[in-house]
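Enquirer:
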Amino acid sequence: MIVLNLNVKPLSINKCWQGRRFKTKAYKQYESALIQLLPNIEINFKHHLSIDIEFGFSNSTSDIDNPLKPILDILQKKYGFNDRAVYELNVKKNLTKKKEEYILIKIKEI
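Numbering (numbering that gives the first Met the number 0), first residue to last: 0 to 109.
1. What ranges does the beta strand (DSSP E) occupy inside the region 18-71, keeping only unbroken runs of at least 3 residues that lie completely in it?
2. So for Ile102, helix, strand or coil by DSSP?
3. Taking only the alpha-carbon atoms, compute the straight-line gap between Glu87 and Lys24 and give it to the nearest angstrom.
4. Considering only the beta carbon of each residue, do Ser59 and Leu94 sit closer than 8 Å?
5. Between Glu108, Glu53 and Asp64, which lies nearest to Val85 when the distance is taken from Cα to Cα?
6. Taking 8 Å as the limit between beta carbons, can you name the residues of its chain near Glu120, skipping five residues before and five after?
7. Determine the DSSP secondary structure at Lys96, reduced to helix, strand or coil.
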């Protein structure tokens, strides 16, 4: 096991870009599609959240972190929680066949 302890303040994604960023047409369509696909359930989480996300990619060169921010933003928009309540995030990448890509999500209170 490798343990790396870096005594630096984590840099927010908001500090990484200069100027305004706009949602692309592709992202707007993706967001709309996922909001419709996600079940209409009530999530009454008032404490810290743990989210497990498994991405099924058909391309082995897909970066595991690229879809994270969009899916977290979509989840909070659909279910009304703020992603600052996420205290644990577990992400897994699996390879699958083309046209069998998926996203598996588990949300729980910790």
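Using N, Cα and C, we set each Cβ at its ideal position, and we do this for glycine too. Just so it is clear, the structure is predicted and the values come from calculations on it, not from any experiment.
Expert: In terms of the structure at hand:
1. 48-56
2. strand
3. 31 Å
4. yes
5. Glu108
6. Here the chain covers residues 0 to 109 and nothing more, so residue 120 does not appear.
7. coil
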